[in-house]
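Trainee: Residue numbers (the numbering used here), protein chains in the order written: chain E, 1 to 139; chain B, 1 to 139; chain Z, 1 to 139; chain D, 1 to 139.
Positions of the beta carbon are idealized from the N, C-alpha and C atoms, including for glycine.
This structure is in structure tokens; I'll ask about it shortly.
Number of protein chains: 4
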Amino acid sequence: MDLDLPHKTSYRVIYGDTDKMGIAYHANYLRWFEMGRTEMFRHMGLPYGEIEARGIFLPVSEAYCKYIASARYDEVIVVETTIDPAVRGGMKFDYRITDEKGEKIVAAGYTKHAVMNGEGRVVRPPEFLVEAVRNFLGG
Amino acid sequence: MDLDLPHKTSYRVIYGDTDKMGIAYHANYLRWFEMGRTEMFRHMGLPYGEIEARGIFLPVSEAYCKYIASARYDEVIVVETTIDPAVRGGMKFDYRITDEKGEKIVAAGYTKHAVMNGEGRVVRPPEFLVEAVRNFLGG
Amino acid sequence: MDLDLPHKTSYRVIYGDTDKMGIAYHANYLRWFEMGRTEMFRHMGLPYGEIEARGIFLPVSEAYCKYIASARYDEVIVVETTIDPAVRGGMKFDYRITDEKGEKIVAAGYTKHAVMNGEGRVVRPPEFLVEAVRNFLGG
Amino acid sequence: MDLDLPHKTSYRVIYGDTDKMGIAYHANYLRWFEMGRTEMFRHMGLPYGEIEARGIFLPVSEAYCKYIASARYDEVIVVETTIDPAVRGGMKFDYRITDEKGEKIVAAGYTKHAVMNGEGRVVRPPEFLVEAVRNFLGG
């Protein structure tokens, strides 16, 4: 998690995200990781919908989240997302969620994804995906 | 809503269903209506998955819920479901949610559904569906 | 629903909002109504959190949604929200969800809300709320 | 994860749990972990609501899930839950999700929880909790 986390997207916590402890329910953070990942793909010039349109799917194979502070009702959270360049075969995204000003770390985590074709079989990451990642990571 | 509501299914409210007001978030009731509807179809001998396997889909076209009491964390709620026999073309289901003992009405509502084929076109309800409903309603 | 719907907020549909029919699951529309309502309150200069801080809660007492078109993955939807001026005692909000360009109506509906104090008792809408609404509706 | 996982609870996947890939959306597994944990506490004779009533809260501090197979619409999943006896201070629960027959492992994971008092401060696990866990683990 000492990578630069170059892409940022924000979201405002709604009532429906909270639970009776008065804070955002922990499962929702995985939704926010998805938001971060999706917007990062769009920023890369390769919206996730286009990846699927080309017959490639990236189902989540692992997810981890460390809850550091609490996200509260009506707070704006910022999701920072990057790609772990060390992972081949599949993909790994690292996330950090902060408050609106980026001063307080709310949560951090990652998701790992298989690269699959339309028949649900694991395949090598196709060249268009490898190249988009390479460009994004600035190599 | 003065129909008999002959089919019952139950569910226990989890933390993730609640919001910061300490009660179940209102959107979740539509999930519970789905649970009631699904179990009613299974009880009819026609699981919803089988309807889809036969190429028929029942997307929701309208949903209404009146929230009468509050469903709280860890309470068991009971969803009573029936079919409105007056509706032709599409389908309408009526729901009543009570506490575990059936003494307190928590909510009541309905959903209306289109009958569609796999291409997303509205079709006449197929005979296998009409017959299953007729048997269920005891006519 | 022939009112002007003066406040607009937008949201991008995520994977977690969709269901196996490939479209947004119907219960999520009530979350989007909440987003519209919340942003309208903020726009009125009276964020909902401030209403609660003053000891007033607005639990949903009824919700209705008519699903007209489908909201699909990665589409931006726009939630238009207004207040029904005819309703006294409680509050009623009308919603219209359109596509990003405002050309296609995706859904329309309303929610009704009780006005409650911190003990869960129904109260008359307090003056600060009545006045904020009056200003918003331009009277 | 080579512990016995002695407590089991089951759940049927609804339409609202699925996503457009046709399988259960990954964030929902954390809800199912909650169901497993909750039912295990009830089985221990110490429902989670009672823990809170005694002024102790167990917010999630970490969550991890490995997705091994897919949970599909209308399938019954079984959540097996146990407590990791090696963790002191906080609590750690291990989960395994299988199909209805227990033949196929669908997912596995864990959650870690802080032990907090009503003011949100981390405290030592109170004796009533330590004892309930000890009894459950058969020591």
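For Thr9 of chain D, return the contacting residues in chain Z, with the cut-off set at a CB-CB distance below 7 Å.
Mentor: Those do not exist, as Thr9 of chain D stays about 23 Å from chain Z at its closest Cβ, beyond 7 Å.
Trainee: Output, in chain order, the set of chain Z residues within a Cβ distance shorter than 7 Å of Gly16 of chain D.
Mentor: By Cβ distance, chain Z contributes Asp19, Tyr25 and Ala27.
Trainee: In the DSSP output, what is Glu34 of chain D paired with across the bridge?
Mentor: According to DSSP, Glu34 of chain D bridges with nothing at all.
Trainee: Let's test the definition: count the other Cβ atoms within 10 Å of the Cβ of Phe136 of chain D and tell me whether it reaches 16, buried, or not, exposed.
Mentor: Counting Cβ neighbours within 10 Å, Phe136 of chain D comes out buried, since at least 16 surround it.
Trainee: Closer than 8 Å is the cut-off here; do at least three beta carbon pairs connect the segment 33 to 45 of chain B with the segment 12 to 28 of chain D?
Mentor: Enough Cβ pairs lie closer than 8 Å, so yes.
Trainee: Any beta carbon of chain D sitting closer than 7 Å to that of Arg12 of chain Z?
Mentor: Judged by the 7 Å Cβ criterion, Arg12 of chain Z is not in contact with chain D.
Trainee: Taking 7 Å as the CB-CB cut-off, is Ala120 of chain B touching chain D?
Mentor: According to the sequence provided, residue 120 of chain B is Gly. The question's Ala does not apply to it. It does not: the Cβ of Gly120 of chain B has no partner Cβ on chain D nearer than 7 Å.
Trainee: Using a Cβ-Cβ cut-off of 6 Å (strictly less than) and excluding sequence neighbours within five positions of Met44 of chain E, which residues of its own chain qualify?
Mentor: Result list for Met44 of chain E: Ala132 and Phe136, in chain order.
Trainee: Suppose only complete runs of 4+ residues qualify. What are the alpha helix (DSSP H) ranges in the segment 6 to 62 of chain Z, listed by chain order?
Mentor: Within the segment 6 to 62 of chain Z, the complete alpha helix (DSSP H) runs of at least 4 residues are 28 to 43 and 48 to 53.
Trainee: I want to check one thing, is the minimum distance from the CB of Asn117 of chain E to the heavy atoms of the ligand ADP below 6 Å?
Mentor: Of the ligands one can find in the structure shown there are none, so the ligand ADP has no counterpart to examine.
Trainee: Can you tell me which of the three DSSP states Val123 of chain D falls into?
Mentor: In the structure shown, Val123 of chain D sits in coil (DSSP, three-state: anything other than H, G, I, E or B).
Trainee: Checking the sheet assignment: what are the DSSP bridge partners for Gly138 of chain Z?
Mentor: The partner list for Gly138 of chain Z (beta bridge, DSSP) is empty, contrary to what the question assumes.
Trainee: If you draw a straight line from the C-alpha of Arg31 of chain E to the C-alpha of Ala63 of chain D, how long is it?
Mentor: Cα to Cα, the separation comes out at about 14 Å.
Trainee: Excluding the five sequence neighbours on either side, which residues of its own chain have a C-beta within less than 7 Å of the C-beta of Asn28 of chain E, listed in chain order?
Mentor: If we look at Asn28 of chain E and ignore the five residues flanking it on each side, its Cβ neighbours are Asp17.
Trainee: Determine the direct distance from the alpha carbon of Lys112 of chain D to that of Met40 of chain Z, and round the result to whole angstroms.
Mentor: One C-alpha to the other measures close to 38 Å.
Trainee: Pick out whichever of E:Pro125, E:Val79 and E:Arg54 has its Cα sitting closest to the Cα of Ile105 of chain E.
Mentor: Of E:Pro125, E:Val79 and E:Arg54, the residue nearest in Cα terms is E:Val79.
Trainee: Could you tell me the alpha carbon to alpha carbon distance between Thr98 of chain Z and Tyr73 of chain Z, rounded to whole angstroms?
Mentor: When rounded, the distance between both Cα atoms is 14 Å.
Trainee: Is any beta-carbon of chain D found at less than 7 Å from that of Gly90 of chain Z?
Mentor: No, no contact with chain D.
Trainee: Going along the chain, which residues of the segment 57 to 90 of chain D sit with their C-beta nearer than 7 Å to a C-beta in chain E?
Mentor: Listed by position, the residues of the segment 57 to 90 of chain D near chain E (Cβ gap below 7 Å) are Phe57, Pro59, Val60, Ser61, Glu62, Ala63, Tyr64, Cys65, Lys66 and Tyr67.
Trainee: If you compare alpha carbons, which of D:Lys101, D:Phe57, D:Gly90 and D:Lys66 is closest to Val76 of chain D?
Mentor: That would be D:Lys101, whose Cα lies nearest to the Cα of Val76 of chain D.
Trainee: Keeping to the same chain, check which residues put their C-beta closer than 7 Å to that of Tyr110 of chain Z; ignore five residues upstream and five downstream.
Mentor: Tyr64, Lys92, Phe93, Asp94 and Tyr95, listed in sequence order.
Trainee: Specify the secondary structure class of Ala107 of chain Z as computed by DSSP and reduced to three states.
Mentor: In this structure, Ala107 of chain Z counts as strand in the three-state DSSP scheme.
Trainee: Per the DSSP calculation, Asp94 of chain Z is bridged to which residue(s)?
Mentor: Z:Thr82 and Z:Tyr110.
Trainee: Applying a beta-carbon distance threshold of less than 7 Å, which residues of chain D neighbour Arg31 of chain E?
Mentor: Those within 7 Å of Arg31 of chain E in chain D are Ala27.
Trainee: Which same chain residues, not among the five before or five after Gly90 of chain Z, have their C-beta less than 7 Å away from its C-beta?
Mentor: Excluding sequence neighbours, Gly90 of chain Z sits near Ser61, Lys112, His113, Ala114 and Val115.
Trainee: Please identify the residue among Z:Phe128, Z:Arg124 and Z:Ile56 whose C-alpha is closest to the C-alpha of Val87 of chain Z.
Mentor: The candidate whose alpha carbon is nearest that of Val87 of chain Z is Z:Arg124.
Trainee: Let me know if Ala69 of chain E comes out buried or exposed under the rule of 16 or more other beta-carbons within 10 Å of its beta-carbon.
Mentor: Exposed, because fewer than 16 other Cβ atoms sit within 10 Å of the Cβ of Ala69 of chain E.
Trainee: Please classify Ala107 of chain B as buried or exposed, where buried requires at least 16 neighbouring CB atoms within 10 angstroms.
Mentor: It counts as buried.
Trainee: What would DSSP say about Val115 of chain Z, mapped onto helix, strand or coil?
Mentor: The answer is coil: DSSP assigns Val115 of chain Z none of H, G, I, E or B.
Trainee: Using a Cβ-Cβ distance under 7 Å, would Gly109 of chain E count as near chain B?
Mentor: No, no contact with chain B.
Trainee: Among D:Arg54, D:Thr82, D:Ile23 and D:Glu127, whose alpha-carbon lies nearest the alpha-carbon of His7 of chain D?
Mentor: Nearest of D:Arg54, D:Thr82, D:Ile23 and D:Glu127 to His7 of chain D, Cα basis: D:Thr82.
Trainee: Does chain B have any CB closer than 7 Å to the CB of Gly49 of chain D?
Mentor: So, interface residue.
Trainee: Which whole-angstrom value describes the C-beta separation of Asn117 of chain D and Ile56 of chain D, a residue pair presumed to lie in contact below a C-beta threshold of 8 Å?
Mentor: With a Cβ gap of about 7 Å, Asn117 of chain D and Ile56 of chain D count as contacting.
Trainee: Nearest-angstrom Cα distance between Asp19 of chain E and Val130 of chain Z?
Mentor: Near 29 Å, if we compare the C-alpha coordinates of Val130 of chain Z and Asp19 of chain E.
Trainee: Is it buried or exposed for Ala71 of chain B, if we count other Cβ within 10 angstroms and need 16 for buried?
Mentor: Buried: at least 16 other Cβ atoms inside 10 Å.
Trainee: Determine, for Val123 of chain D, whether the minimum Cβ-Cβ distance to residues of chain B falls below 7 Å.
Mentor: Not closer than 7 Å to any Cβ of chain B, the Cβ of Val123 of chain D fails to qualify, so no.
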